Amino acid sequence: MKHLSVKHLLGIKSLTLDDINLIFETADNFKEVINRPIKKVPSLRDVTIANIFFEDSTRTRLSFELAEKRLSADVVNFSASTSSLKKGETLLDTVNNILAMKVDMVVMRHSSSGAPHFLAKHIDANIINAGDGTHEHPTQALLDTYSIKERLNTVNGKKVVIIGDILHSRVALSNIFALQKLGAKVMVCGPNTLIPKYIRGLGVEVELDVLAALQWCDVANILRIQLERQQIKYFPSLREYSLYYGITKRMLDSLDREIVIMHPGPINRGIEISSDVADSEHSIILDQVENGVAIRMAVLYLLAGLPTPN
Amino acid sequence: MQKRLILDSHQLEITVNRLCQQLIENHGNFSDSVIIGLQPRGIYLAELIKTRLFNNLSIEVPLGYLDTTFHRDDFRRRKKPREPSTTNIKFIIEDKNVILVDDVIYTGRSIRAAMDAMITFGRPRKVELLTLINRKYSRQLPIEPDYVGKDVNTIKTQRVLVEWKVQGNKEDKIWLITEEIS
Numbered sequence: 001m002k003h004l005s006v007k008h009l010l011g012i013k014s015l016t017l018d019d020i021n022l023i024f025e026t027a028d029n030f031k032e033v034i035n036r037p038i039k040k041v042p043s044l045r046d047v048t049i050a051n052i053f054f055e056d057s058t059r060t061r062l063s064f065e066l067a068e069k070r071l072s073a074d075v076v077n078f079s080a081s082t083s084s085l086k087k088g089e090t091l092l093d094t095v096n097n098i099l100a101m102k103v104d105m106v107v108m109r110h111s112s113s114g115a116p117h118f119l120a121k122h123i124d125a126n127i128i129n130a131g132d133g134t135h136e137h138p139t140q141a142l143l144d145t146y147s148i149k150e151r152l153n154t155v156n157g158k159k160v161v162i163i164g165d166i167l168h169s170r171v172a173l174s175n176i177f178a179l180q181k182l183g184a185k186v187m188v189c190g191p192n193t194l195i196p197k198y199i200r201g202l203g204v205e206v207e208l209d210v211l212a213a214l215q216w217c218d219v220a221n222i223l224r225i226q227l228e229r230q231q232i233k234y235f236p237s238l239r240e241y242s243l244y245y246g247i248t249k250r251m252l253d254s255l256d257r258e259i260v261i262m263h264p265g266p267i268n269r270g271i272e273i274s275s276d277v278a279d280s281e282h283s284i285i286l287d288q289v290e291n292g293v294a295i296r297m298a299v300l301y302l303l304a305g306l307p308t309p310n
Numbered sequence: 311m312q313k314r315l316i317l318d319s320h321q322l323e324i325t326v327n328r329l330c331q332q333l334i335e336n337h338g339n340f341s342d343s344v345i346i347g348l349q350p351r352g353i354y355l356a357e358l359i360k361t362r363l364f365n366n367l368s369i370e371v372p373l374g375y376l377d378t379t380f381h382r383d384d385f386r387r388r389k390k391p392r393e394p395s396t397t398n399i400k401f402i403i404e405d406k407n408v409i410l411v412d413d414v415i416y417t418g419r420s421i422r423a424a425m426d427a428m429i430t431f432g433r434p435r436k437v438e439l440l441t442l443i444n445r446k447y448s449r450q451l452p453i454e455p456d457y458v459g460k461d462v463n464t465i466k467t468q469r470v471l472v473e474w475k476v477q478g479n480k481e482d483k484i485w486l487i488t489e490e491i492s
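Protein chains in written order, with this note's numbering: chain A, 1 to 310; chain B, 311 to 492.
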């Protein structure tokens, strides 16, 4: 019987290929469950999960909450904006207080990279990283690669380009780790200022010309420009970014083959991707969202099923 | 480890034929009946029964596979989580006569989980249980099969091993295995 090699899902980097494949196989079964007339199974009915979001999120939080509820877990939600953090409580104290109310698992998003790793060292509950700063967003990378596998049957040997703000993107980093573990070739593309220097050290190709990148790839994963993370200006204006890096139907039509278009959301239509591309048949953006629930159910199920110390 | 043959392929053939005749007695032309094989091991018997019924009556009885992993009551009580198998039920069981098929009934907990999982596909009119081997005196829940291939008296240290040809075994055979207590 297979099981995960980790107690927490902190990042893709700490997962093995077997872990990723096990999550995919389990997600296949949950995808069937969420397409049933009754979309709920009772597996996690004696498990309490706290969703602790120190940073705003709509999609990820909703997706986790749906996954938890479809597994029949008890769910408590916590957002930093309405909490005692404002009164000066530390992260560890906040989480320990929540755990004192007998919570079994913690799904956490935090604006500081490494925050879930810090918690994992100090508490017993299973921790799932729902995004930490500019570091990792493992469930997003799992659902992205799962969606590629679903569309192209395999990830191994496929060429995937990640376009946009690589510097501030945890989605990019997690995707790079996941894609490489699954045997894909990875390229990043964007303005030079938004491509971190260390990225070449990860064995990733860098391309500044978006048309050349599209010509090379089987799959293009287009990221949002994260204006809220940019303390200084990395490019002159959004219009200029859109002019050089926005993906349009005309660009796709000029290619000699069809490529798959992905976007982790939220989409800025008309900036990094035009509406006709986002809504085209090449786009698997909504499949990504559906698969997100199945992947998160699989992760929760596999982590909750590990033996508990008490 | 001791291994004792409970049913050889010839006896198994007779037993499965008898189970099919019993089903025909109760379900007539199977107009409102469906078969649900329980994953992972009940599906081979379910397939066999479906084929036999087709050969006897030329009737195609709808067959689905049901996985009960997510409905089990021992989650987080085992060392590792159970691995799920595929559920594939392409019909609604609302108002149907459902025949649940599994290879062995032991504590009854799988069947409880199966009944829980099954009702997510509708409210059946009637549910019956068919098992090839009934391990008597070991039930932990008030569940009994309606059709039994063979009753076997067993103790806790024994287990039943069902080998099917379609799984790559030489012959269909059912064994009773007794583990040595060290």
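We treat Cβ as the ideally placed atom computed from N, Cα and C, and that holds for glycine.
On a predicted model such as this, the values are computed, not experimentally measured, just so you know.
ask   = Taking Cβ-Cβ distances shorter than 8 Å, what residues in chain A pair up with D377(B)?
value = N29
message = Could you pull the DSSP bridge partners for W485(B) from this structure?
response = L315(B) and L471(B)
query = Is I199(A) buried or exposed, if buried means 16 or more other CB atoms sit within 10 Å of its CB?
reply = buried
ask   = Quick one: which chain E residues come within Cβ less than 9 Å of H381(B)?
value = Absent from the structure: chain E. Protein chains present are A and B.
query = Leaving out the 5 sequence neighbours to the left and right, which residues in its chain are closer than 7 Å to P138(A) when beta-carbon positions are compared?
reply = L9, G11, I12, N129 and S174
ask   = Is there a Cβ from chain B that is less than 8 Å from the Cβ of V103(A)?
value = no
query = Roughly how many angstroms lie between the CA atoms of T417(B) and E55(A), to the nearest whole one?
reply = 48 Å
request  = Output the distance between the C-alpha atoms of H282(A) and I421(B), rounded to the nearest integer angstrom.
outcome  = 44 Å
task = Show which residues of chain B have a CB atom less than 9 Å away from the CB atom of E32(A).
result = D377, T396, T397 and N398
task = Starting from the Cα of I273(A), find the closest Cα among I225(A), V293(A) and M297(A) and give me that residue.
result = I225(A)
inquiry  = I need the boundaries of the alpha helix (DSSP H) containing F380(B), first residue and last residue.
reply    = Taken as a continuous stretch (DSSP letters only), F380(B) belongs to no alpha helix (DSSP H), as it is neither H nor E.
task = Could you give the DSSP three-state label for D104(A): helix, strand or coil?
result = coil
request  = Output yes if chain A places a C-beta closer than 8 Å to the C-beta of F385(B); else output no.
outcome  = yes
task = With a 10 Å radius around its C-beta and 16 neighbouring C-beta atoms as the bar for buried, classify P391(B) as buried or exposed.
result = buried
ask   = Residue ranges of each beta strand (DSSP E) run of no fewer than 3 residues wholly in the segment 107-190 of chain A, ordered along the chain?
value = 126-132, 159-163 and 185-189
query = From this set, T145(A), S112(A), A100(A) and D132(A), which residue's C-alpha is nearest A125(A)'s C-alpha?
reply = A100(A)
task = State the Cα-Cα distance for the pair N156(A) and G183(A), rounded to the nearest angstrom.
result = 4 Å
query = In its own chain, which residues sit with a C-beta less than 6 Å from the C-beta of L303(A), not counting the 5 before and 5 after it?
reply = N126
inquiry  = Extract the residue ranges of the alpha helix (DSSP H) inside the segment 6-60 of chain A, only unbroken runs of 4 or more that lie entirely within it.
reply    = 17-33
Neighbour flag for R296(A) against chain B, beta carbons, 8 Å = no
inquiry  = Can you pull the chain B neighbours of Y301(A), defined as C-beta to C-beta under 8 Å?
reply    = F380 and P391
Selection from S57(A), G270(A), E32(A) and L17(A) that minimises the alpha carbon distance to M297(A) = E32(A)
query = Assuming H381(B) and P42(A) make a contact with CB atoms under 8 Å, what is their CB distance in whole Å?
reply = 6 Å
query = What residues of chain B sit near T26(A), judged by a beta carbon separation below 7 Å?
reply = P394
task = Since I believe V103(A) is in contact with T58(A) (beta carbons under 8 Å), could you give me their beta-carbon distance rounded to a whole number of angstroms?
result = Rounded, the Cβ-Cβ distance is 23 Å, inconsistent with contact.
request  = Within 10 angstroms of the Cβ of Y146(A), are there 16 or more other Cβ atoms? Answer buried if so, exposed if not.
outcome  = buried
ask   = So, is the C-beta of I20(A) closer than 8 Å to a C-beta in chain B?
value = no
Other residues of its chain near S535(B): CB distance less than 8 Å, five sequence neighbours each side excluded = Because chain B spans 311 through 492 in this model, residue 535(B) falls outside it and cannot be assessed.
query = Counting contacts by CB-CB distance shorter than 8 Å, is I23(A) in contact with chain B?
reply = no
task = Please check if any C-beta of chain B sits within less than 8 Å of the C-beta of D264(A).
result = A small fix is needed here, since residue 264(A) is Pro in this sequence, not Asp. Judged by the 8 Å Cβ criterion, P264(A) is not in contact with chain B.
inquiry  = Using CA atoms only, rank isn't needed, just tell me which of S242(A), D256(A), A120(A) and G133(A) is closest to R269(A).
reply    = S242(A)
task = Go ahead and pull the three-state DSSP assignment for A220(A).
result = strand
query = Mind checking if I38(A) is an interface residue toward chain B, Cβ cutoff 8 Å exclusive?
reply = yes
message = Give me, in chain order, the residues of the same chain whose beta-carbon lies closer than 7 Å to that of F401(B); leave out the 5 immediate sequence neighbours on both sides.
response = V344, P372 and G374
task = Look at L214(A) and M251(A) and say whether their C-beta atoms are less than 8 Å apart.
result = yes
ask   = What residues in the segment 426-442 of chain B have a beta carbon less than 9 Å from any beta carbon of chain A?
value = D426, A427, I429, T430, F431 and G432
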